[in-house]
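Participant: Residue numbers (the numbering used here): 415 to 733.
No residue lacks a Cβ here, since even glycine has one placed at the ideal position from N, Cα and C.
All of these numbers come straight from a predicted model, not from anything done at the bench.
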Amino acid sequence: MAEKILIIGACGQIGTELTLKLREIHGNDQVVASDIREGVDELMQSGPFEILNATDEVHIRQIIETYNIKVVYLMAAMLSATAEKAPKKAWDLNMNSLFHILDMAKEGLIDKIFWPSSIAVFGPTTPKDNTPQITAMEPTTVYGISKQTGERWCEYYNKKFGVDVRSIRYPGIISYKTLPGGGTTDYAIEIFHEALKQNAYTSFLDKDAALPMMYMDDAIKATVEIMQAPAEAIKVRSSYNLAAISFTPEILAANISKHLPDFKISYDPDFRQAIAASWPSSIDDSSARQDWGWDHEFDLDKMTETMLKGVGQTTEQTH
Ligand SMILES: NC(=O)c1ccc[n+]([C@@H]2O[C@H](COP(=O)([O-])OP(=O)(O)OC[C@H]3O[C@@H](n4cnc5c(N)ncnc54)[C@H](O)[C@@H]3O)[C@@H](O)[C@H]2O)c1
Numbered sequence: 415m416a417e418k419i420l421i422i423g424a425c426g427q428i429g430t431e432l433t434l435k436l437r438e439i440h441g442n443d444q445v446v447a448s449d450i451r452e453g454v455d456e457l458m459q460s461g462p463f464e465i466l467n468a469t470d471e472v473h474i475r476q477i478i479e480t481y482n483i484k485v486v487y488l489m490a491a492m493l494s495a496t497a498e499k500a501p502k503k504a505w506d507l508n509m510n511s512l513f514h515i516l517d518m519a520k521e522g523l524i525d526k527i528f529w530p531s532s533i534a535v536f537g538p539t540t541p542k543d544n545t546p547q548i549t550a551m552e553p554t555t556v557y558g559i560s561k562q563t564g565e566r567w568c569e570y571y572n573k574k575f576g577v578d579v580r581s582i583r584y585p586g587i588i589s590y591k592t593l594p595g596g597g598t599t600d601y602a603i604e605i606f607h608e609a610l611k612q613n614a615y616t617s618f619l620d621k622d623a624a625l626p627m628m629y630m631d632d633a634i635k636a637t638v639e640i641m642q643a644p645a646e647a648i649k650v651r652s653s654y655n656l657a658a659i660s661f662t663p664e665i666l667a668a669n670i671s672k673h674l675p676d677f678k679i680s681y682d683p684d685f686r687q688a689i690a691a692s693w694p695s696s697i698d699d700s701s702a703r704q705d706w707g708w709d710h711e712f713d714l715d716k717m718t719e720t721m722l723k724g725v726g727q728t729t730e731q732t733h
């Protein structure tokens, strides 16, 4: 019988699309979605849903036992820009939720965990271009510190207790179905909404702030594939570098202008520019490509076309 899955933080930008994809693969009833709030209709109506706080260990255990859950995707977290405004709260959520799940796997209650890390684990001393899998990591944001620490604990639980935990360092994820949750790369989503609304956008990052990015479908594909791979293929038990495309606000704006010739971009960088400046511009993900066959499908042109079409349709539906 297929293993039952729990997604914690299922109503977020990535969790929503991940839940829908996993329900398509495994069957709606096999995938229990949970979050501290309700999500979009498609998610709420397509399968079981529970209100669950990721820091409430007792309640997580209850749900895992009730549904006989064997696999957990822990997507709840406070993201980079939001975490800078509430550092202690971010640390509490990002770390304690992970410990609860790691401990449940250590006890044998669950068999497999997916926990996402981020390019935020890197910092100003990391080589910026083609950042290697193993390199200097001195993150300067509370979010980055929590993700780096989480990676160390994942590897520790794997090596010491045999916990099957798998992780990816997501770059900035671009999508239109659910709004982003307060990250530094959110500009690359807002820009499409504003371009279609008023043919203009003011970027909160500098025009030459190059960052690694990925279209949502690729992020979901990577997540599904790393979890489907045989355990022995997953050699990195901290977190895998993962890359697809890398661009600056200026390059993205120029690409949007190919479809909307009157589109205008201006720049008014805020505190998020300092966060972006501490992160890599591009990522070497050869370990993921070698170990479990990762390959991306969306380049900048395909992502831009898909976003303009998708955001356009969503805007039409809500007006
Ligand atoms: N989106 C990106 O670009 C990106 C990049 C790198 C890493 N990640 C990581 O991927 C994961 C998912 O990110 P996302 O973009 O979907 O984030 P998001 O902010 O859109 O979603 C997070 C979800 O967690 C929920 N949540 C918050 N506090 C909770 C709590 N105490 N208990 C239960 N649920 C809670 C929120 O309601 C939200 O639905 C996070 O771990 C994030 O750090 C995301």
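Grab the span of the beta strand (DSSP E) containing Tyr-584 for me, first residue to last.
Facilitator: Here residue 584 is taken as the residue at index 170 of the sequence shown, counted from 1. From DSSP, the beta strand (DSSP E) with Tyr-584 extends over 582-584.
Participant: For Tyr-615, write down the residues that DSSP places opposite it in a beta bridge.
Facilitator: Start at 1 with the first residue of the sequence shown, and residue 615 comes out as number 201. DSSP, once it has assigned bridges, lists Ile-679 as partnering Tyr-615.
Participant: Less than 8 Å between the beta carbons of Pro-553 and Ala-534, yes or no?
Facilitator: Numbered from 1 along the sequence shown, position 139 holds the residue referred to as residue 553. Numbered from 1 along the sequence shown, position 120 holds the residue referred to as residue 534. Yes, the pair counts as a contact, with Cβ atoms nearer than the cut-off.
Participant: If the criterion is Cβ atoms closer than 8 Å, does the pair Ala-690 and Ala-623 meet it?
Facilitator: What you label residue 690 is simply residue 276 of the sequence shown in a count that begins at 1. What you label residue 623 is simply residue 209 of the sequence shown in a count that begins at 1. Closer than 8 Å, so yes.
Participant: Can you check DSSP and say which residues form a bridge with Met-628?
Facilitator: In the sequence shown, residue 628 corresponds to position 214, counting from 1. DSSP output for Met-628 lists Ile-587 as bridge partner(s).
Participant: Run through the region 641-717 for me and flag every whole alpha helix (DSSP H) of 4 or more residues, listed as ranges in chain order.
Facilitator: Those alpha helix (DSSP H) runs which fall completely within the region 641-717 and span 4+ residues are 663-671, 685-691, 700-706.
Participant: Gly-595 to Met-630, Cα distance in whole Å?
Facilitator: Indexing the sequence shown from 1 puts residue 595 at position 181. Indexing the sequence shown from 1 puts residue 630 at position 216. Answer to the nearest angstrom: the Cα atoms are 14 Å apart.
Participant: Taking 7 Å as the line, does the beta carbon of Pro-530 fall inside it for any heavy atom of ligand 1?
Facilitator: For this step, residue 530 is matched to residue 116 along the sequence shown. Yes.
Participant: Give every residue of the same chain whose Cβ lies closer than 7 Å to the Cβ of Glu-565, excluding the five residues on either side of it in the sequence, and list them in chain order.
Facilitator: The count along the sequence shown starts at 1 and reaches residue 565 at position 151. Once the five neighbours on either side are set aside, the close Cβ partners of Glu-565 are Ser-531, Val-535, Ser-581, Ser-652, Ser-653.
Participant: Thinking C-alpha only, which one of Thr-480, Gly-423, Gln-476 is nearest Leu-488?
Facilitator: By one-based count along the sequence shown, residue 488 stands at place 74. Cα-wise, what sits closest to Leu-488 is Gly-423.
Participant: Would you kindly check if the distance between the Cβ of Gln-427 and the Cβ of Ser-660 is under 8 Å?
Facilitator: Taking the sequence shown and counting its residues from 1, one reaches residue 660 at position 246. Taking the sequence shown and counting its residues from 1, one reaches residue 427 at position 13. Taking 8 Å as the Cβ cut-off, Ser-660 and Gln-427 do not qualify as a contacting pair.
Participant: For Ala-658, which option in Lys-678, Ile-587, Asn-613, Val-725 has the closest C-alpha, if you only look at C-alpha atoms?
Facilitator: Looking up residue 658 in the sequence shown gives position 244. Residue Ile-587 is the option with its Cα nearest to Ala-658.
Participant: Given Pro-675, which residues of its chain have a CB within under 6 Å of its CB, disregarding the five upstream and five downstream residues?
Facilitator: On the sequence shown, residue 675 is found 261 positions in, with the first residue counted as 1. Cβ neighbours of Pro-675 beyond the five flanking positions: none.
Participant: Use the C-beta contact count for Thr-539: other C-beta atoms within 10 angstroms, 16 or more gives buried, fewer gives exposed.
Facilitator: Here the question's residue 539 lines up with position 125 in the sequence shown. Exposed.
Participant: Tell me whether Glu-498 is buried or exposed, calling it buried when 16 or more other Cβ atoms sit within 10 Å of its Cβ.
Facilitator: On the sequence shown, residue 498 is found 84 positions in, with the first residue counted as 1. Per the 10 Å Cβ criterion, buried.
Participant: Alpha carbons only, please: which of Val-486, Asp-682, Thr-662 is nearest the one belonging to Ser-448?
Facilitator: By one-based count along the sequence shown, residue 448 stands at place 34. Nearest option by C-alpha distance: Val-486.
Participant: Going by CA-CA distance only, name the one from Ile-477, Ala-490, Ser-460 that's closest to Ile-450.
Facilitator: As a working mapping, residue 450 is identified with position 36 in the sequence shown. Selected option, being the one with the closest Cα: Ala-490.
Participant: Expressed to the nearest angstrom, what Euclidean distance is found between the alpha-carbon atoms of Asn-467 and Leu-507?
Facilitator: As a first step, residue 467 must be located in the sequence shown, where it is residue number 53. As a first step, residue 507 must be located in the sequence shown, where it is residue number 93. The alpha-carbon atoms of Asn-467 and Leu-507 are separated by roughly 9 Å.
Participant: Please name the residue in Val-454, Lys-435, Glu-569 whose C-alpha comes closest to that of Val-445.
Facilitator: By 1-based counting over the sequence shown, the position of residue 445 is 31. Selected option, being the one with the closest Cα: Lys-435.
Participant: Write down every uninterrupted run of the alpha helix (DSSP H) in the region 499-562 whose length is 4 residues or greater and which is fully enclosed by it, in chain order.
Facilitator: The region 499-562 contains these whole alpha helix (DSSP H) runs: 501-520.
Participant: Between the Cα of Val-650 and the Cα atoms of Ile-439, Pro-585, Ser-692, Lys-573, which residue gives the shortest distance?
Facilitator: Walking along the sequence shown from the start, residue 650 turns up at place 236. Per the Cα distances, Lys-573.
Participant: Can you tell me the Cβ-Cβ gap for Arg-686 and Phe-618, rounded? I've got them flagged as a contact below 8 Å.
Facilitator: As a first step, residue 686 is located in the sequence shown; it is residue number 272 there, counting from the start. As a first step, residue 618 is located in the sequence shown; it is residue number 204 there, counting from the start. That belief holds up - the Cβ atoms of Arg-686 and Phe-618 are roughly 5 Å apart, short of 8 Å.
Participant: Looking only at DSSP bridge pairs, what is Lys-418 linked to?
Facilitator: In the sequence shown, residue 418 corresponds to position 4, counting from 1. Answer is Ile-483, bridged to Lys-418.
Participant: Please say whether Asp-698 and Gln-655 have beta carbons closer to each other than 8 Å?
Facilitator: Position 241 of the sequence shown holds residue 655. Position 284 of the sequence shown holds residue 698. The sequence as given places Asn at residue 655; Gln does not occur at that position. Closer than 8 Å, so yes.
Participant: Checking the sheet assignment: what are the DSSP bridge partners for Leu-432?
Facilitator: The residue given as residue 432 occupies position 18 in the sequence shown. Answer is none; Leu-432 lacks a bridge partner.
Participant: State the start and end residues of the unbroken alpha helix (DSSP H) segment that holds Glu-456.
Facilitator: Looking up residue 456 in the sequence shown gives position 42. First-last of the alpha helix (DSSP H) with Glu-456: 455-459.
Participant: Look up Leu-579 in the DSSP assignment and give the residues it is bridged to.
Facilitator: Reading the sequence shown from its first residue, position 165 is the one you call residue 579. In the sequence as displayed, the identity of residue 579 is Val instead of Leu. Paired residue(s): Ile-527.
Participant: Quick check on the DSSP output: the beta strand (DSSP E) that includes Ile-465 runs from which residue to which?
Facilitator: Position 51 of the sequence shown, counting from 1, holds the residue named residue 465. Taken as a continuous stretch (DSSP letters only), the beta strand (DSSP E) holding Ile-465 covers 463-465.
Participant: Can the beta-carbon of Thr-662 be found closer than 8 Å to that of Met-627?
Facilitator: Translated into the one-based positions of the sequence shown, residue 662 becomes position 248. Translated into the one-based positions of the sequence shown, residue 627 becomes position 213. For Thr-662 and Met-627, no; Cβs fall outside 8 Å.
Participant: Leaving aside the five residues before and after Ile-478 along the sequence, list all residues of the same chain whose C-beta is less than 8 Å from its C-beta, in chain order.
Facilitator: Position 64 of the sequence shown, counted from the first residue, corresponds to residue 478. So the list reads Leu-420, Val-486, Met-518, Leu-523, Ile-524, once near-sequence residues are dropped.
Participant: Consider the C-beta atom of Gln-427 and the heavy atoms of ligand 1; say whether any pair is separated by less than 7 Å.
Facilitator: Position 13 of the sequence shown, counted from the start, is the residue given in the question as residue 427. At least one heavy atom of ligand 1 is nearer than 7 Å to the Cβ of Gln-427, so yes.
Participant: Might you give, ordered along the chain, the residues of its own chain that have their beta carbon closer than 6 Å to the beta carbon of Ile-527, omitting 5 neighbours on each side?
Facilitator: Against the sequence shown, residue 527 aligns to sequence position 113. Only Val-486, Ile-515, Ala-519, Val-579 meet the Cβ criterion.
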